[in-house]
């Protein structure tokens, strides 16, 4: 009887663990699909409104990845605007160029950054954003100084990053908003707005130079 109860409990634990894994996987896949498609379009509209982007504005996407958000915002800036897209990996730099070409946008300027500098021109941008990138920074102080140099007086900086449930820390994803605020304000920025639930998994902080 005792052996049966242990076996039964073991099966229940295995079933529960399996269900959690399946549900987590489905949730991650669902969020990934949403964030790359209709969700990304909606987020681009929100971000453009938040940063007051309009035709003729110059903005930078730091750590632009495959260029999905960069291309969407470049389309909103019009031919008189400009979007700098930075990355440090050759494959991603090529992907951004390909994404811009496929979308037919000609106002994307691709820049190879490094671990300590965005390599953006001084005072080139009206706004800059980092989307799910800040937690990857190895030298946040150096990058924040570089961001400040690249912004024009009064320019805005948006940092979007994961809400950081504990399991994400094990995957090296996410950084507490309090840490970002402390580091960015130490770099000469003023916190203008804090949005706790930018998305299901992200917060958004807006700073002004």
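In our numbering, the protein residues as written are -9 to 199. C-beta atoms are modelled at their ideal positions from N, C-alpha and C, and glycine is treated no differently.
(request) Work out the CA separation of residue 34 and residue 59 for me, nearest whole Å. (result) Here residue 59 is taken as the residue at index 69 of the chain shown, counted from 1. Here residue 34 is taken as the residue at index 44 of the chain shown, counted from 1. Their backbone Cα atoms lie some 7 Å apart in a straight line.
(request) Report all residues from its chain with a CB closer than 8 Å to the CB of residue 198; omit the five preceding and five following residues, and keep chain order. (result) Taking the first residue of the chain shown as position 1, residue 198 is located at position 208. Excluding sequence positions up to five before and after residue 198, its CB lies within less than 8 Å of the CB of 144, 145, 146, 147, 179, 180 and 182, all in the same chain and listed in chain order.
(request) With DSSP collapsed to three states, give me the class of residue 77. (result) Here residue 77 is taken as the residue at index 87 of the chain shown, counted from 1. If DSSP states are grouped into helix, strand and coil, residue 77 belongs with the strands.
(message) In whole angstroms, give me the CA-to-CA distance for residue 40 and residue 171.
(response) On the chain shown, residue 40 is found 50 positions in, with the first residue counted as 1. On the chain shown, residue 171 is found 181 positions in, with the first residue counted as 1. Cα-Cα distance, rounded: 18 Å.
(message) Considering only their Cβ atoms, is the gap separating residue 128 from residue 105 smaller than 8 Å?
(response) The residue you call residue 105 lines up with position 115 of the chain shown. The residue you call residue 128 lines up with position 138 of the chain shown. Contact: yes.
(message) Check this for me: beta carbons of residue 99 and residue 153, under 8 Å apart or not?
(response) As a working mapping, residue 99 is identified with position 109 in the chain shown. As a working mapping, residue 153 is identified with position 163 in the chain shown. Cβ atoms of residue 99 and residue 153: not closer than 8 Å.
(request) Evaluate residue 175 with the Cβ neighbour count: other Cβ atoms within 10 Å of its Cβ, from every protein chain shown; 16 or more gives buried, anything less gives exposed. (result) On the chain shown, position 185 is the one that residue 175 refers to. Burial call: exposed.
(message) On a Cα-Cα basis, can you pick out the residue from 70, 45, 123 and 31 that is closest to residue 259?
(response) Outside the displayed range of the chain (-9 to 199) lies residue 259, so it cannot be described from this structure.
(message) Quick check: what's the CA-CA separation for residue 168 versus residue 140?
(response) The residue given as residue 168 occupies position 178 in the chain shown. The residue given as residue 140 occupies position 150 in the chain shown. If I take the Cα positions, the gap works out to 24 Å.
(request) State the DSSP-derived secondary structure class of residue 113, mapped to helix, strand or coil. (result) Here residue 113 refers to the residue found at position 123 when the chain shown is read from its first residue. When DSSP states are grouped into helix, strand and coil, residue 113 belongs to the coil group.
(request) Could you have a look at residue 144 and say whether DSSP puts it in helix, strand or coil? (result) Locating residue 144 in the chain shown gives position 154, where the first residue counts as 1. Strand, per DSSP.
(message) Check this for me: beta carbons of residue 194 and residue 150, under 8 Å apart or not?
(response) One-based indexing of the chain shown puts residue 194 at position 204. One-based indexing of the chain shown puts residue 150 at position 160. Yes, these two residues count as a Cβ contact at 8 Å.
(request) Please report the residue range of the beta strand (DSSP E) in which residue 48 lies. (result) If you number the chain shown from 1, residue 48 lands on position 58. Taken as a continuous stretch (DSSP letters only), the beta strand (DSSP E) holding residue 48 covers 48 to 52.
(message) Quick check: residue 97 and residue 64, are their CB atoms within less than 8 Å of each other?
(response) Position 107 of the chain shown, counted from the start, is the residue given in the question as residue 97. Position 74 of the chain shown, counted from the start, is the residue given in the question as residue 64. Against a cut-off of 8 Å, the Cβ pair of residue 64 and residue 97 comes out as a contact.
(message) Can you tell me which residues form a DSSP beta bridge with residue 99?
(response) Residue 99 sits at position 109 when you count from the first residue of the chain shown. Looking at the DSSP assignment, residue 99 forms a beta bridge with 74.
(request) Using 10 angstroms around the beta-carbon of residue 86, count the other beta-carbons present and answer buried if the total reaches 16, otherwise exposed. (result) Position 96 of the chain shown, counted from the start, is the residue given in the question as residue 86. The residue in question, residue 86, is buried, as its Cβ has 16 or more Cβ neighbours within 10 Å.
(request) Output the distance between the C-alpha atoms of residue 196 and residue 56, rounded to the nearest integer angstrom. (result) One-based indexing of the chain shown puts residue 196 at position 206. One-based indexing of the chain shown puts residue 56 at position 66. One C-alpha to the other measures close to 23 Å.
(message) So if DSSP puts residue 193 in a beta bridge, which residue, or which two residues, is it bridged to?
(response) On the chain shown, position 203 is the one that residue 193 refers to. According to DSSP, which records beta bridges pairwise, residue 193 is partnered with 151.
(request) Kindly list the residues whose CB is nearer than 7 Å to the CB of residue 135, restricted to its own chain and excluding five residues on each side of it in sequence; keep chain order. (result) For the purposes of this step, residue 135 is taken as the residue at position 145 of the chain shown. Excluding positions up to five away in sequence, the list reads 177.
(request) May I ask you to report which of helix, strand or coil DSSP gives residue 87? (result) To locate residue 87, count along the chain shown from 1; it is residue 97. Looking at residue 87 - three-state DSSP - the assignment turns out to be helix.
(request) Give the single residue among 70, 107 and 51 whose Cα lies nearest to the Cα of residue 82. (result) Within the chain shown, numbered from 1, the residue matching residue 82 stands at position 92. Selected option, being the one with the closest Cα: 51.
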